[in-house]
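**Student:** Be aware that the sequence shown starts at 56, since it is given in my numbering, and climbs by one per residue.
I am attaching a structure below and will ask some questions about it afterwards.
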Amino acid sequence: MFNGKNILITGGTGSFGKKYTKTILEKYKPNKIIIYSRDELKQYEMEQEFNDKCMRYFIGDVRDSDRLKKAFKDVDYVIHAAALKHVPIAEYNPMECIKTNINGAQNVIDAAIENKVKKVIALSTDKAANPVNLYGATKLASDKLFVAANNLVGEQDTKFSVVRYGNVVCSRGSVIPYFQKLINSNAKELPITDERMTRFIITLQNGVNFVLKNFERMHGGEIFVPKIPSIKIVDLAKYLAPTLPHKIVGIRPGEKLHEIMCPADDSHLTYEFDDHYVITPTIKFTNVTNFSENKLGEVGTHVSQGFEYNSGNNDKWLNKEEFLNLIKNV
């Protein structure tokens with residue numbers, strides 16, 4: 056569906072944008088891939104790696120509505136990946152996080168509607184489900200904006216959906232590269248916040264593939280959640296460094312014991328499919344009345360009342376061999 060099309064990625068110089076670009080170039084023949092971001096150095100470096108004739112690099116900030124509207128001209132599909140994501144930094148600079156993650160989201164919506172973009176998928180996070188930190192709260196607000204945007208288009212055929220998933224293996228600032236850095240510097244112990252703590256794990260490629268598939272699945276208004284494995288943080292530490300002792304340092308501000316991707320409060324809105332869940336809108340749509348069957352003909356069933364999909368109650372757990380193979384391939 057991307058052959059001959061124009062695709063724009065906000066925050067496109069990040070790890071997701073690079074992997075998405077690589078995948079699109081390998082599998083399709085797009086007319087244009089537009090990388091929209093605010094860091095000229097990252098754009099320069101990315102251009103050295105991805106210099107196909109279809110590539111375009113636009114300097115711009117999602118806070119700048121006018122620039123977005125110009126960049127979205129003749130664009131068919133948008134992936135909104137730009138965000139301020141660092142939890143402690145967001146707590147310390149709340150308005151900056153709000154300006155990018157909430158105001159920026161609305162600017163993307165306005166630009167997409169004005170330019171009659173066909174489909175938009177916004178990337179979300181597990182932290183948006185029952186948020187306990189500012190970053191999560193801004194992403195929840197962003198999710199709500201993108202879902203509700205489907206009722207702003209009138210007769211226009213522009214669709215908005217959201218993809219939500221957990222920790223990306225070896226992404227910047229995540230626990231695996233942090234532990235590896237400590238191990239490589241001959242640390243005498245690894246810090247564990249809480250022995251009970253669990254996390255969802257997904258590879259960047261699987262995240263990209265999930266987003267690609269949901270462009271085909273979406274009616275507009277869904278929050279798509281992949282079924283992915285969990286791991287205990289203490290097990291993760293043991294797999295990386297079997298001989299190193301652990302030091303319990305306590306849960307940091309804004310952290311949870313378990314990640315939540317489908318909250319129990321949304322169970323009446325949630326459908327289970329073979330490899331993913333869909334959280335349907337809390338508001339009524341005039342153009343879609345049945346989310347139990349997607350555009351690919353896949354059929355889902357309502358989850359039970361009170362169902363919650365979190366990393367602690369998952370039925371899929373990574374063992375040592377699976378985990379080490381995962382990070383080796385990454």
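Backbone N, C-alpha and C define an ideal beta-carbon position, used for all residues, glycine too.
Grab me the residues of residue 107's own chain with a C-beta within less than 7 Å of its C-beta, minus the 5 sequence neighbours each way, in chain order.
**Tutor:** 80.
**Student:** What do you reckon, are the CB atoms on residue 126 and residue 89 nearer than 8 Å?
**Tutor:** Yes, the pair counts as a contact, with Cβ atoms nearer than the cut-off.
**Student:** How far does the beta strand (DSSP E) with residue 177 in it reach, from first residue to last?
**Tutor:** First-last of the beta strand (DSSP E) with residue 177: 174-180.
**Student:** Pick helix, strand or coil for residue 63, following the three-state DSSP scheme.
**Tutor:** Reduced to three states, the DSSP call for residue 63 is strand.
**Student:** Considering residue 220, what are the terminal residues of the alpha helix (DSSP H) in which it resides?
**Tutor:** Per DSSP, residue 220 belongs to no alpha helix (DSSP H); it is in the beta strand (DSSP E), 214-220.
**Student:** Start and end of the beta strand (DSSP E) containing residue 317?
**Tutor:** Here the beta strand (DSSP E) through residue 317 covers 315-317.
**Student:** Beta carbon of residue 163, beta carbon of residue 135: below 8 Å?
**Tutor:** Going by C-beta atoms, residue 163 is nearer than 8 Å to residue 135.
**Student:** For residue 391, which of 123, 315 and 110 has the nearest alpha-carbon?
**Tutor:** Because the chain in this structure spans residues 56 to 385, residue 391 falls outside the shown range and cannot be described.
**Student:** Would you decide whether residue 286 is buried or exposed? Buried here means 16 or more other CB atoms lie within 10 Å of its CB.
**Tutor:** By the neighbour-count rule (16 or more Cβ atoms within 10 Å), residue 286 is buried.
**Student:** Which whole runs of the beta strand (DSSP E) in the region 218-296 are 3 residues long or more, in chain order?
**Tutor:** Runs found: 245-247, 253-257, 278-281 and 285-287.
**Student:** Under three-state DSSP, which class holds residue 348?
**Tutor:** Correct three-state label for residue 348: strand.
**Student:** Alpha carbon to alpha carbon, what distance is there between residue 224 and residue 259?
**Tutor:** About 7 Å.
**Student:** Report the option in 75, 57, 74 and 98 whose CA atom is closest to the CA atom of residue 84.
**Tutor:** Comparing Cα-Cα distances from residue 84 to each of 75, 57, 74 and 98, the minimum goes to 57.
**Student:** List the DSSP bridge partners of residue 163.
**Tutor:** In the DSSP output, where bridge partners are listed per residue, residue 163 has none listed.
**Student:** Of all the options 176, 200, 206 and 211, which has the alpha carbon lying nearest to the alpha carbon of residue 170?
**Tutor:** Selected option, being the one with the closest Cα: 211.
**Student:** Could you give the distance in angstroms between the alpha-carbon of residue 278 and the alpha-carbon of residue 243?
**Tutor:** Rounded to the nearest angstrom, the two C-alpha atoms are 42 Å apart.
**Student:** Using 10 angstroms around the beta-carbon of residue 101, count the other beta-carbons present and answer buried if the total reaches 16, otherwise exposed.
**Tutor:** Buried, by the Cβ-count rule.
**Student:** Taking residue 235 as the reference, which of 292, 194 and 311 has the closest Cα?
**Tutor:** Measuring from the Cα of residue 235, the nearest candidate turns out to be 292.
**Student:** Any idea what DSSP makes of residue 365, helix, strand or coil?
**Tutor:** Residue 365 falls in the strand class under three-state DSSP.
**Student:** By the 10 Å Cβ neighbour count, where 16 or more other Cβ atoms means buried, how is residue 307 classified, buried or exposed?
**Tutor:** Label assigned to residue 307: exposed.
**Student:** Is it true that the region 366-373 meets the region 318-336, where meeting means three or more beta-carbon pairs spaced less than 8 Å apart?
**Tutor:** Contact fails: fewer than three Cβ-Cβ distances are below 8 Å.
**Student:** Looking at the structure shown, is residue 92 part of a helix, part of a strand, or coil, going by DSSP?
**Tutor:** Looking at residue 92 - three-state DSSP - the assignment turns out to be strand.
**Student:** Relative to the alpha-carbon of residue 252, which residue among 201, 346, 289 and 155 has its alpha-carbon at the smallest distance?
**Tutor:** Residue 289 is the option with its Cα nearest to residue 252.
**Student:** According to the neighbour-count rule (16 or more other Cβ atoms, all chains shown, within 10 Å of its Cβ), is residue 297 buried or exposed?
**Tutor:** By the neighbour-count rule (16 or more Cβ atoms within 10 Å), residue 297 is not buried but exposed.
**Student:** Looking only at its own chain, which residues have a Cβ that is under 7 Å from the Cβ of residue 311, when we skip the five neighbours before and after it?
**Tutor:** Result list for residue 311: 187, in chain order.
**Student:** In the DSSP assignment, find the alpha helix (DSSP H) that holds residue 325 and state where it starts and stops.
**Tutor:** It is not in any alpha helix (DSSP H) - residue 325 instead sits in the beta strand (DSSP E) that spans 325-327.
**Student:** Report the rounded CA-to-CA distance for residue 301 versus residue 116, giving the unit in angstroms.
**Tutor:** When rounded, the distance between both Cα atoms is 42 Å.
**Student:** With which residues is residue 141 paired in a DSSP beta bridge?
**Tutor:** Paired residue(s): none; residue 141 is not in a bridge.
**Student:** Apart from the five residues on each side of it in sequence, which residues of its chain come closer than 7 Å, Cβ to Cβ, to residue 348?
**Tutor:** Around residue 348: 354.
**Student:** Ignore the nearest five residues each way along the sequence and tell me which others in residue 204's own chain have a CB closer than 6 Å to its CB.
**Tutor:** These residues qualify, in order along the chain: 164 and 215.
**Student:** Please state whether DSSP places residue 122 in a helix, a strand or coil.
**Tutor:** Here residue 122 sits in helix by DSSP.
**Student:** Leaving aside the five residues before and after residue 357 along the sequence, list all residues of the same chain whose C-beta is less than 7 Å from its C-beta, in chain order.
**Tutor:** Cβ neighbours of residue 357 beyond the five flanking positions: 326.
**Student:** Report, in whole angstroms, the separation of the C-beta atoms of residue 158 and residue 111, which I expect to be a contact under 8 Å.
**Tutor:** Between residue 111 and residue 158 the Cβ distance is about 25 Å, and since that is not below 8 Å, they are no contact.
**Student:** Would you identify the three-state DSSP class for residue 113, choosing helix, strand or coil?
**Tutor:** Strand at residue 113.
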